[in-house]
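Before any comments, here is the structure.
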Amino acid sequence: MLSYLELVELANGDIVLQRSEGDENPLVTIKFSKETREHIVGSVLDVARAMVQAGIEAAAMSAGDDGFVDEDDIDDEDDLQSDTKIVH
């Protein structure tokens, strides 16, 4: 079974990396301080995506893979709830 991961921005501002099947335990939680959010141009979700992508590439390289994650494979999508944003 193929499992997808998604980045979700929660209503409280935390960004979590979780399985798309809705597992209650996120794999990664990213919290930006208010000060940091004020200095980020654009979406904090874009910054979180870059952070996760860099982590995946670093882990893949240490495992002997080429570590490349194609940016076209990551889609932005709004969840049905207006307070939640998801990146696949």
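Residue 8 in numbering that gives the first Met the number 0 sits at position 9 of the sequence shown, with consecutive numbering throughout.
From the three backbone atoms N, C-alpha and C, an ideal C-beta is built for every residue, glycine too.
At the level of alpha carbons, what is the spacing between residue i and residue j?
i, j, result
"Gly21", "Leu6", "12 angstroms"
"Leu4", "Lys33", "26 angstroms"
"Ser19", "Gly54", "19 angstroms"
"Gly12", "Met60", "31 angstroms"
"Glu23", "Ala49", "23 angstroms"
"Glu8", "Ser2", "20 angstroms"
"Asp45", "Pro25", "18 angstroms"
Do residue j and residue i have their beta-carbon atoms positioned less than 8 angstroms apart in this structure?
i, j, result
"Arg36", "Val43", "yes"
"Ala47", "Ile14", "yes"
Could you give the residue range of the beta strand (DSSP E) that holds residue i?
i, result
"Leu16", "Ile14 to Arg18"
"Leu6", "Leu4 to Glu8"
With 16 as the cutoff for other CB atoms within 10 Å, does residue i come out buried or exposed?
i, result
"Leu16", "buried"
"Val40", "exposed"
Taking 7 angstroms as the cut-off, is the CB of residue i close to at least one heavy atom of the ligand NAP?
i, result
"Arg18", "With respect to the ligand NAP, the structure shown offers nothing to examine, as it has no ligands at all."
Original post:
Which full runs of the beta strand (DSSP E) of 3+ residues lie inside the segment 20-61, going along the chain?
Top reply: The beta strand (DSSP E) runs of length 3 or more contained entirely in the segment 20-61 are, from start to end of the chain, 27-29.
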